[in-house]
Each structure stands twice: as C-alpha cells, then as structure tokens.
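First residue of the sequence shown? That's 35 in the working numbering, and the numbers climb one at a time after it. All C-beta atoms in this analysis are idealised placements derived from N, C-alpha and C, irrespective of residue type, glycine included. It should be emphasised that the depicted structure is a prediction, and the values quoted were computed from it without experimental measurement. For reference, the structure discussed in these notes is given below.
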Amino acid sequence: MRLADFPKTFGLNELAKGYFPHLFNTAENQNYVGPLPPSPFYHPDGMSPEEKEKFLEWHNGLKENNYVFDFQQEILTYCRSDVDILRRCCLEFRELFRGVTDIDPFEKCLTIASACNLVFRKNFLKENTIAIIPPHGYRPKDKQSLLALKWLSYKAEKEDLYIQHARNAGEKRVGNYLLDGYDEETNTAYEINGCFWHGCLKCYARDTINPVNGKTMQDLHQATVEKMSYLKDQGFRVCEFWECDIRKEMEQDQDMKCYFKSYDLDNPLEPRDAFFGGRTNAAKLFHECKDGEKIRYVDFTSLYPWCNKMTRTVVGHPRIITENVEDISTYFGLIKCTVLPPRGLFHPVLPYRTQGKLMLPFCKLCADSCNQTPCTHSDNERAIQGTWCSVELEKALEKGYQVLQLHEVWHFPQQSDELFKDYVNTFLKIKQEASGYPKDRTTEEKKRQYVEEEYLAVEGIQLDRSKIEHNPGMRALSKLMLNSFWGKFAQRPNMTKVELISDVQKYFDYLTSDEINVLDANFISDEVIEIHYENNENFIAPNSKTNVVIAAFTTAYARLKLYGVLDELQERVLYYDTDSVIFVSKPGEPEPPIGPYLGQLTDELKEGHITTFISGGPKNYCYRTSSNKVETKIRGITLNCTARQEMNFDVIRSLVFLYAKCNVKGQVTVDIPFRITRDTKTKNIETKRMKKDYRIVYNKRVIIDDYKTLPYGY
C-alpha cells in the first residue's frame with residue numbers, strides 16, 4: 035500500500051501526503067527562496083492520470099496566489115508530514131491489531147506474515163498438529179551415502195573391480211560395523227567418510243558440535259579412527275577416503291565429474307521440490323472479438339484463504355516409504371516419482387521447474403530446451419521426475435499421466451480439514467462486516483436475509499448485524515490477515531541474516547565459525563561493522579514457525595481450483611494468473627458460475643466486457659473494453675503517464691505481432707527520470723535516472739498459427 039493511501043485506509047482524513055519537487059533537489063537549489071518551481075520539477079508524468087490532474091490543480095492554485103517557495107522549509111515540512119502520516123497510521127494499525135488479536139504486531143514481528151503466524155500459533159494452533167520438519171530431512175545420512183555409492187561405482191568401473199556395496203549385494207558386516215564397500219578378491223574395505231558425520235578435522239574445529247547427534251567433531255573423528263583400527267586388526271586392507279578430498283578430486287577430474295552427474299541414484303525426497311507457485315501464462319497472445327463473442331475477466335475471491343479453510347492438509351510427521359510402495363491413491367502427502375505425461379491436452383496438470391521458470395509441459399527435453407518445433411522425443415526422453423502433492427498427482431493420473439516409477443513417499447496418516455478453519459473464519463467475519471452490506475441489500479428484510487440465511491448457509495459464519503459497517507482500516511487489516519497467512523509456512527530455512535557488531539572478538543568468531551558463512555561485511559563506522567551471513571548447510575536450525583509441506587498443499591489446491599476452470603473452458607482461455615482467468619465467451623458455450631463468496635469467481639470488470647486482448651507472456655498483458663477503456667499490466671514497469679505514452683496499446687500489439695509472426699524481438703525503452711533508492715553499503719538515499727527495456731520473451735509454450743500456443747510436447 036502506498037503511503038498516500040494510508041490516511042484514507044485508517045480513517046485519518048485530516049492527513050494528506052503532499053507534493054515535493056524532487057527534480058529541483060540539487061546542490062545549487064538548497065537555499066532557494068522564490069516563486070513555486072515549475073510543475074515539471076514535480077515529475078507529474080510519473081503520476082497516474084488521476085493523480086496528475088489533482089496535482090496540476092493544486093500547483094496552479096498556489097501559482098495563482100504567488101506562493102513563495104522556501105526550499106529548506108518545504109523539504110522539512112514534506113519529510114515531517116511523511117513521518118507523521120506513517121507514525122499515526124502505524125499507531126492506528128497497532129490498535130486495530132491488538133483489539134482483534136490481543137497481540138502487539140510491532141513487539142515481536144518484522145513482517146505481516148510473521149504477525150499472522152504468531153496470531154495463529156497463540157490463538158488457534160492446537161498441540162501436536164503441525165510438525166517441525168528436521169532441516170536434514172528424515173533420512174539425514176542418505177545424501178552422504180549417495181556420494182559413497184557414486185564413488186565406489188566410479189572406482190569399480192575405472193579399475194575393473196567388483197566392489198560389494200548397498201546397491202548390489204548389500205553392505206558387508208564386520209562385527210558391529212557395516213562397510214561402505216568391500217572387494218572380496220583383495221580383502222579390501224572401502225570407507226567413504228562424510229566430513230559432517232565423521233568429524234573431518236580439516237573441515238571442522240574439534241569442539242564444533244554436530245547439531246544432529248550432539249557429539250563434538252573430535253568425538254566423531256575418534257570413533258572413525260577406532261573403526262579403521264578395528265578393521266585393520268581384523269586383517270582387512272583399508273582404503274579410507276574423506277568427502278572433502280573426493281569433492282576436490284572431482285573438481286579437477288572432468289571424467290569423474292561427468293560420471294557422478296550422470297550416475298542415476300535417487301536423492302532423498304526434498305519437500306521444497308513439491309512447492310510450486312501459481313499457474314501463470316498466456317494461452318493466446320492476441321484475440322479480437324468476432325460477432326457474438328465477448329472476452330471476460332474473472333477471478334477467485336480469496337483463493338488461498340479458501341484453500342486453507344476448505345481443503346484437507348497434513349498433520350504430524352510423515353511415514354517415509356521407499357520400498358514396497360502401494361497404489362498412490364492410498365497415500366496422502368508428497369510423492370517423488372517419474373511420470374510419463376500424455377499428449378494432446380491443451381492444459382497440462384503437473385508443474386515442472388526448468389529455465390528458472392514454472393512450466394507445465396508434456397516433454398521434459400522440449401521444456402528444457404524451449405523447443406518451438408514439433409516434439410519427436412521418445413517416452414523416456416519425455417518422462418519427468420519430480421515431487422508433487424498426492425492430490426495434484428491424482429488429478430494428473432485422471433487426465434492420462436502415467437507413473438513409471440515411485441521413488442519415495444511421505445505419507446501422512448493424520449490429516450485435517452479443520453486446522454485453519456477457525457483462523458480463516460475469524461478474519462473472514464471481520465472482513466465481511468467491515469465491508470458493509472452488499473449494494474443490492476437496500477431494505478431491512480434483504481439485509482436480514484443476507485445475514486441470517488445466505489451468508490450463514492454458505493460460509494457457516496454468523497455475522498453480527500450491529501458491526502456491519504464500512505470500515506476501510508478494519509477491512510484492510512482482516513484482508514492482510516487472510517492473504518498473508520499461509521506464506522510464512524513456505525519460508526526458506528536459511529535466510530540471510532544481518533547483524534551490527536561492535537565487539538572485535540565476536541566479529542572474528544563469526545569469520546572463523548564452522549556454523550555460519552559470512553557473505554558480506556560493511557564498515558558503518560570505525561566502531562561498528564555490518565555483516566550479512568547465513569548458516570552453513572549442515573547447521574541450519576529447525577524452524578518452529580514453518581512447514582513447507584503445508585505450503586505445498588496450499589498452492590497445489592489453488593492450482594487445482596484454477597485447473598477446474600481451465601479444463602472446462604479449454605481453448606477459449608486466453609490468459610490465466612494464479613487466481614484469475616481471461617477467456618472468450620461464446621453464445622451457447624458453458625461458462626464458470628459467478629458468486630460473491632469465498633472461493634467463488636467474480637467479474638473483474640465492473641461494466642462491459644473486453645473486446646481486444648494482447649499478451650506478451652506472464653504478468654504482461656493489455657486489453658481494450660467495450661467502453662474503449664485500455665488497461666495495461668506489465669510486471670516491473672510502473673505505468674505512470676510517461677510509461678503509458680511509451681507503452682500504449684498499439685505499441686504492445688506491434689511488438690507481439692513482430693514476435694509471434696516474424697520471430698523478431700522488438701524493444702521499447704521506458705525512461706524513468708528519477709527513482710529514489712538507498713545505497714545498501716552507505717545507506718544514503720539517492721535519486722537516480724533509470725531506463726527499463728521492454729521486449730517480448732515468450733518461452734513457456736509453443737507458439738503456433740493465429741497467436742495460439744500449445745504446451746511443450748503436445
């Protein structure tokens with residue numbers, strides 16, 4: 035939310051953000067006193083058309099009254115006003131938040147997502163429901179074991195040996211020990227020591243504690259030495275290798291590196307691999323309505339809160355299944371598998387990450403290479419290995435996908451469709467009451483019917499008629515609590531941390547610690563240094579506030595909800611983005627139902643319909659309505675007056691035409707006269723002139739005739 039919108043939202047109508055000539059803020063003007071600076075110094079072309087009109091009215095009024103502009107006084111007043119608006123609105127937000135949740139959001143939280151998470155944990159979370167997933171997973175030693183298996187296989191192939199190990203005849207037992215590898219012909223025991231698990235003294239200090247088993251690296255190293263000594267006493271020829279030495283050798287030996295990369299071994303399931311974002315893409319790059327057609331734009335009401343309230347999610351810890359895997363319909367959780375997609379679906383089901391993007395292909399190789407020609411790959415080449423939520427995989431099987439191999443399953447015997455219901459209902463009730471009555475409820479009887487019959491029947495929430503009144507602040511708060519809630523569960527476990535240090539010894543302790551990696555250091559003054567650091571991969575602490583499996587299920591249900599609409603509309607779909615669809619409406623063709631409640635579709639256009647639609651790809655579209663109104667959305671470019679002139683409807687249409695018809699990447703440069711930024715090193719506020727280049731880059735589907743697209747491998 036912009037600072038300018040704060041006063042209206044929180045009911046402080048006596049406050050208003052003013053205007054300041056930022057382009058006039060130069061060294062020579064610091065002591066200026068005189069007539070009001072001309073309007074271009076206020077950069078009105080950087081405003082929206084509505085804002086620009088208000089500004090010019092304000093500026094002309096002051097100019098007509100011969101206003102005297104004192105630069106130092108004006109900049110002080112402007113900055114004080116901004117701070118006062120932020121301060122008073124924050125206090126208002128704080129009081130609203132405390133009144134609803136009995137929690138001070140500024141006391142323990144830095145973000146709204148953290149505040150939502152705290153409210154849930156304090157007021158709604160029941161004991162023993164949400165698991166704290168171990169940072170090393172449920173099979174922590176298996177990753178090191180995979181390195182050992184790859185090295186043993188490489189050694190055996192290179193030297194023409196037969197080495198017994200876990201993946202052929204099983205690990206050989208000697209007393210209480212299992213050998214990583216064993217060559218019976220030469221009676222050689224091969225031991226591959228993971229540095230973290232066996233206490234490598236080249237990689238870790240002796241007193242560093244292994245967070246998984248609680249032992250010092252010295253103790254782990256000593257246990258490893260004792261094992262080697264025991265094996266030698268038993269008459270074995272012992273070949274011992276440390277993980278760090280193998281990795282160093284691999285960096286210097288390209289043959290070894292290629293062998294390790296190509297060796298097909300299943301890594302343990304990584305739950306974050308099942309966490310994908312929303313489906314976002316253009317299915318057709320240009321469409322102009324023909325006779326009888328209308329283009330409609332619909333979106334779901336509070337899609338993610340609907341997912342949290344109405345769907346089943348995981349509870350507790352999973353049962354890890356790697357063998358004797360049953361039919362996937364018997365499992366609820368995460369499934370790592372290899373699937374063979376079908377051909378011929380206009381809208382695929384399963385997401386796949388490649389090229390730094392989320393794609394939905396039918397062929398892995400086509401997606402990896404962004405192949406714009408017809409797919410000629412074999413089934414083996416088309417097959418995709420990934421980790422998905424069971425509910426999404428079931429839908430994929432229903433649409434013709436085949437599971438070729440199951441690698442690992444995290445099955446959650448405990449499940450719940452009530453886990454987040456009370457939380458969502460609490461803030462949905464507040465939001466609905468703060469929104470006031472719907473416009474069509476003009477009589478007391480209609481209002482009573484809405485509260486006591488309709489809303490209660492659909493949402494299961496009893497609204498309080500005495501509290502139904504338009505309240506922008508309370509509505510904004512409750513909307514934040516609903517939409518910002520689930521994302522905290524997906525937070526990465528190893529976020530970069532920033533710390534200010536004035537103790538020299540502490541600074542050097544950080545630099546030499548085994549547990550953290552210092553990423554950057556910036557001297558703030560002679561006494562204070564700012565460091566940016568992250569935890570070493572092996573020393574990431576469990577996080578009691580996150581659970582990526584819950585986040586994965588939330589987004590999977592959202593994709594499935596959207597897929598239901600896409601599957602019904604098929605090739606009439608022009609564009610979709612997480613919770614919205616733009617499609618062609620034709621007489622006699624089925625259309626998705628519209629409704630005002632949670633998880634139902636609503637019409638994004640207040641009046642009329644779209645007549646012409648253009649898209650250059652995800653988060654990048656433009657349309658003209660039946661009332662000749664043009665709307666443009668381009669990620670990364672603020673469409674102020676200047677940008678609207680440079681990025682108008684005709685320009686975007688010509689760029690899309692060149693790209694789709696001629697494979698020519700045209701470009702438009704948008705000039706940004708000033709952008710207020712902060713230097714991350716010096717912390718100084720700076721005004722910079724910037725330019726942004728806009729060009730069409732569409733590579734998430736295959737472009738065919740008439741601006742249509744098809745999935746890779748169709």
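Output needed for C423: all residues of its chain with C-beta closer than 7 Å, excluding positions within five of it in sequence on either side, in chain order. When the five nearest sequence neighbours on each side are left out, the beta carbons in the same chain lying within less than 7 Å of the beta carbon of C423 are those of A308, L368, A586, F587, A590, in order along the chain.
Just to confirm, is the Cβ distance from L600 to V332 under 8 Å? no
To which residues of the same chain is Q419 closer than 6 Å at the C-beta, ignoring the five residues directly before and after it? T372
What is the DSSP secondary structure of G700, counted as helix, strand or coil? coil
Among the candidates T646, V690, E720, whose CA atom is the shortest distance from the CA of D325? T646
4 or more residues per run - each alpha helix (DSSP H) lying fully within the region 312-360: 337-344
Would M515 pass as a contact of F461 if the rule is Cβ separation under 8 Å? At a Cβ-Cβ threshold of 8 Å, M515 and F461 count as neighbours.
My understanding is that L689 touches V704, with C-beta atoms under 8 Å, so please give their C-beta distance in whole angstroms. Not confirmed; about 13 Å, so no contact.
Starting from the Cα of S761, find the closest Cα among V117, I164, E129 and give me that residue. Look at the range of the chain in this structure, 35 to 748, and you will see that residue 761 is not part of it.
Between the region 82-102 and the region 119-134, do three or more beta carbon pairs fall short of 8 Å? no
What number of angstroms, rounded off, separates the C-alpha of V583 from the C-alpha of E493? Cα to Cα, V583 sits roughly 26 Å from E493.
So I730 and K699 are in contact, right, with Cβ under 8 Å, and what is the actual spacing, rounded? 6 Å
By a C-beta neighbour count over all protein chains shown, 10 Å radius and 16 as the cutoff for buried, is G650 buried or exposed? buried
Separation of A401 from K734, as counted between CA atoms: 8 Å
Can you grab the Cα-Cα spacing for the pair E487 / R499, in whole Å? 13 Å
Own chain, CB closer than 7 Å to L490, minus 5 neighbours either side, in chain order: Q496
For the beta strand (DSSP E) containing G215, list its first residue and its last residue. 215-217
Would you kindly report the start and end of the unbroken alpha helix (DSSP H) that includes C150? 146-157
Closest by C-alpha distance to M81, when choosing among H255, N59, P55: Nearest option by C-alpha distance: P55.
Verify whether the separation of the beta carbon atoms of K522 and C150 is less than 8 Å. yes
Three-state secondary structure (DSSP) at Q268? Q268 falls in the coil class under three-state DSSP.
Hey, would you say V532 sits closer than 8 Å to E564, going by beta carbons? yes
Relative to the C-alpha of G629, which residue among T314, T335, P41, E561 is closest? T335
Is it right to say M251 is buried, meaning 16 or more other beta carbons lie within 10 angstroms of its own, or is it exposed? buried
Nearest candidate by alpha-carbon position, reference N157, set V458, Y544, Q525: V458
Measure the alpha-carbon distance for T347 versus G312 and round it to whole angstroms. 18 Å
Between the alpha carbons of N753 and D267, how many angstroms are there, rounded? Limits of the chain in this structure are 35 at one end and 748 at the other, which puts residue 753 out of reach.
Element boundaries [beta strand (DSSP E), containing D554]: 550-557
Below 8 Å on the Cβ atoms is my guess for K465 versus S512; work out the distance and round it to an integer in Å. Separation of the CB atoms of K465 and S512 is rounded to 4 Å, and the pair is thereby assigned contact status at 8 Å.
Give the list of continuous beta strand (DSSP E) stretches no shorter than 3 residues that lie fully inside the region 598-650. 607-611, 614-619, 635-637
My output table needs one value for A592: the three-state DSSP class, helix, strand or coil. helix
Write down the C-beta distance between H441 and K540 rounded to the nearest angstrom, noting that I regard them as a contact closer than 8 Å. Actually they are not in contact, since the Cβ atoms of H441 and K540 sit about 45 Å apart, beyond 8 Å.
Do the CB positions of T743 and K318 come within less than 8 Å of each other? yes
To which residues of the same chain is I166 closer than 8 Å at the C-beta, ignoring the five residues directly before and after it? P576, N577, S578, N581
R593: buried (16+ other C-beta within 10 angstroms of its C-beta) or exposed? buried
Between the region 182-199 and the region 277-294, can you find at least three pairs of beta-carbon atoms closer than 8 Å? yes
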